[in-house]
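In my numbering, the protein residues as written are 11 to 869.
We put the beta carbon where it would ideally sit given N, CA and C, even for glycine.
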Amino acid sequence: MSAFTRAATYSYTVDPTNGWVYVSGFGTRAMGLPRTGMVRVAPDGAVDANWQLAPLHSVFRHVAAANGDLYVHGRETASGPRIVARFSPAGSRSPAAIYKLGASDNDPNTGIGTIFAGRGRHIYVTDNISPGVTLRRIDTVTGLLDANWSYFTSNALFGIAQGAGADGALFVLEQQYPGLLRDMYVRRLDTGSTASVLWTKAFSAAESAQIVAADQLNQVYVITYKSYPSSEATVLRLDAQGNVDPGWNGASASAAVSQSRWNRSFALIDGRLVVAASAGVSEVELGQPGLRVYDQQGTEVASWSPNVAGSVSSLVAGRNGRLYVSVNGSLHVLSAERLQSERTLPLSFGSLGSIRSITKLPDGGRLLLGSFDVWYGGLRYRDVLRLRPDGTPNADWRVELDYGYDVTATVTRQGLLLVGRFRQVNGVRRSGAALVSLNGGAIPLDWTPGVELSGRSYVYDGRDTLYVAADDANGYRIRRLSMLNGQVDTDWHISAGSWLEQQSSMLGLDAADGIWLQRDAQTYFMEPSTTSLLQRFALASGRETMRTTIGTQLIFPNQFMATSTHVYIGGRRYRIAAGGERDVDWTSEIDGSVAALRTLAGGYLYYTQFAVGSSDVVMRRASLAGNGQVDPGWTLSASALLACAPAEIPLFVSAPDATTDDAEFVIRCRDDLSLPLMAPTTMGDMALATTRANPVNQKTVVEYFSRDASRYFVTGRADEQAALDARSSSFMRTGMSFRSLEGTLYAKPANPVCRFYSSPERSGSNTHFYGHNDDCLALNTVSQLRFEGYDFAAMVPGVTGCPVSAPRAVTRLYNNKAPSNESNHRYVVSAATKAKMLSQGWVDEGVVFCSSAVTDVVN
């Protein structure tokens, strides 16, 4: 499984010669792989692992020339000027040329402002030097910046469009500057040896305009907009002389664009105009996007919709009549003629994603919610991820939300209750709340709540009832609804009374049929609340049994935890038998601003603190049987368990039963680059651990040779070794073995070794591959490979080779038979065996593991 990232894809470019897609964005990973700046993706969605962009520090925009050369606009250094670098279509890591504008190489105020793609042999760039803007061009055939051709304007330059005709007519869109009400101009420029203006079409200050593209006849499409707040748009076409073309009837296209004020995209392919628009309430909440294609007369001839709410961030016309449509981070490839979907490339480029909650499921698996993208087996999982008990993603149960904001999950007897800012679940209309089946596929059930659900303002009783706190026409009330049909019990409610204007609330249930309500005071935007009102009510009578105000300076203060006798909120303990009275004998360092409550397990309350004088996170616990004093014999440092420092704040797993012996928690590296060391339970860039440390045990990795498949194979699993030994006619021990590690918690220098099977059912070569760190991430994106867990853990070589504690090198060899689909790797521990295999045509891939003891082959 790949690392958890948050997608932030910036732009796409399609190579006109082969259909490869270049993707750029801000972050450290692309499709789960360690990449910065850009990545190249094959037409089938596979990432080109051998192509890396260098030496640019940042990427802003990129375009592809007709010959396949890639022109990338970015910076060489964090504070340097903007430049354009040219890369060959072969993916050379060093640019063939770098183009700069301005006198100083180190002045960020000089350089190239932006870059535009042309339809012919030129790429167009603007300078970054005030006042005004100068448009220049690069000859993609000679690779030279044309010193004779330039166009200067004192206006703001908003876009260019180039016709596909023989003379390659060039059109620019300018806006008068400065001023709020600005006239806009479309001009046609001469593309010969000079950039003289051939004609100008002006649009009044009451309108804004957008230039789209020009066709074979050098007719240019322009969209004008009425001033805000009107969303009225007009799609018109100017002929080659700059006149409004009466042969174009833009009424249908104008109506399609006018339906959306917030999301509009356009493209021109094969002489036909493509319009994308989302009819939405706001720029945050968009409706379902739709594409429409119009012929030369303005008649709609085709349409398409991805059947999800969201926005179209870009339309790119590709080769062979292909249209590339970016919707919610996925790139849909359509045939432009009929807008039929051919495939979808779920591309993402981002930095460290966030995991907000982890819930243990009845089958022993876990459900993860947050803001992330995860890749596994060639599939993308976004914001919602269900893991099997072994920690691998459950591909048979996938939830796709149109929006994944602020989603919470509750396991009920009827299914999984999802609440958050979404409007669709797996293509089914569900606004804000959905009940999804946990058995079989993730099917949205026919269930709609009778009241609006949000955040933590609801609680499930473990049976068939959901309690909801909300403000309505009758005041702030707690109501209950059925989990069977979503209907509200109109005969029951608890009036909580008015309080300060509140920003959030939380509900919880205790063992004595009491319901707890915590409301935070409203503060300024993005500031945490400092005061909360805490109340307890008896469910049977609705009587208030306790009311108090508390300070909420803690991290995650409104977390409700309960045992059969006490409730724990904000570092304080309350007696259930006394109607919620505070237990004043509970005096702990938890009751303050230095700690954050996490979970209850095994008679302890677990909490986290930042280490004194450090940003590292330390986990501690207090006995529930005592008065809250810290257990002096127990502490865990998150960074000590990881191959990085500092670590993220541990996230504890929610479990239905708080009486479990051990608490589960997940830890991650803050830098998103190093894998944790919990080999059997490592999930992407995070690790699942328990509060009980397990010992580190030695194990032996044994090599076998399969007579039937003619493949070498290693395994560190004792049960598998016994099974293969029982089939000695097919599997023969070679005699090679090496010492490794096993266990939940590994020594810090060790790395978990992932195991993948190249399955013939997936067109693979019937072989296994073993890797660690980024190997595991890269292989997770290959659909032909099946993840078979973590086989063992091993030391890895450093800059100076293997460490003293594991001095024996394990080298990986490759038979180099990919063309015949007979690939196989072999791991050797001696120079003699390596020399023998190299003489047979095998390729040395270097030392990959280090061991404390090895045994060489005898067969």
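- By the Cβ neighbour-count rule, L445 is buried, with 16 or more other Cβ atoms within 10 Å of its own.
- The continuous stretches of beta strand (DSSP E) do not include T87, and DSSP gives it neither H nor E.
- Taking a contact as a CB-CB distance under 8 Å, the pair L333 and G55 does not count as one, their CB atoms being some 17 Å apart.
- A direct Cα-to-Cα measurement between L155 and D149 gives close to 6 Å.
- Looking at the backbone, the Cα of L111 and that of R92 are separated by about 8 Å.
- Under the 10 Å beta carbon count, T810 is surrounded by fewer than 16 other beta carbons and is classified as exposed.
- Taking C-beta atoms under 8 Å as the contact rule, S775 and N831 qualify, at a distance of about 5 Å.
- Linking V858 to Y837 through their CA atoms gives a straight-line distance of about 9 Å.
- Counting C-beta atoms within 10 angstroms of its own C-beta, V311 has fewer than 16 neighbours from the protein chains shown and is therefore classed as exposed.
- The three-state secondary structure of A483, taken from DSSP, is coil.
- When C-alpha distances from V763 are compared across T500, Y800, S574, the shortest belongs to Y800.
- Distance from the CA of R39 to the CA of S264, rounded to the nearest whole angstrom, comes to 40 Å.
- Here the alpha carbons of N495 and R585 stand approximately 35 Å from one another.
- With a cutoff of 9 Å on beta-carbon distance, Q306 and G257 are scored as near each other.
- Only residues of its own chain outside the window of five on either side were considered, and among them A95, R96, G153 have a CB closer than 8 Å to the CB of A107, listed in chain order.
- If you ignore the 5 residues before and after S68, its C-beta comes within less than 6 Å of the C-beta of G84, R85, all in its own chain and listed in chain order.
- Note on geometry: alpha-carbon atoms of T541 and R376 lie some 34 Å from one another.
- As the crow flies, the alpha-carbon of T46 is around 34 Å from that of W159.
- Taking the CA atoms as reference points, V867 sits about 19 Å from E855.
- Counting only runs of 4 or more residues that sit fully inside the segment 234 to 291, the alpha helix (DSSP H) segments are 261 to 268, in chain order.
- A residue is called buried once 16 or more other Cβ atoms fall within 10 Å of its Cβ, and D25 is buried on that count.
- One Cα belongs to T777, the other to F741, and the distance between them is close to 14 Å.
- Here F162 is exposed. Its C-beta has fewer than 16 other C-beta atoms within 10 Å.
- Within the segment 813 to 860, the runs of alpha helix (DSSP H) that reach at least 4 residues and sit entirely inside it are, in chain order, 841 to 849.
- According to DSSP, W61 shares a beta bridge with no other residue.
- With a 10 Å radius around the Cβ and a threshold of 16 neighbouring Cβ atoms, L848 comes out exposed.
- Put simply, of A588, S574, D595, G589 the residue whose alpha carbon is nearest the alpha carbon of R582 is D595.
- Annotated three-state conformation of A522 is coil, per DSSP.
- For D225, the closest of V196, A171, S324 by C-alpha to C-alpha distance is A171.
- Per DSSP, A732 is one residue of the alpha helix (DSSP H) stretching across 728 to 735.
- Sequence-distant Cβ neighbours of V151 in its own chain, meaning closer than 7 Å and more than five residues away, are R131.
- Here P44 carries a strand assignment [DSSP, helix/strand/coil].
- C764 is bridged by DSSP to G781, Y800.
- Listed in chain order, the non-local C-beta contacts of H342 below 7 Å within the same chain comprise P316, V335, S351, T354, local neighbours out to five positions each way being set aside.
- The C-beta separation of Y714 from V326 comes to about 49 Å, leaving the pair out of contact by the 8 Å criterion.
- Only exposed fits R737, as fewer than 16 other CB atoms lie within 10 angstroms of its CB.
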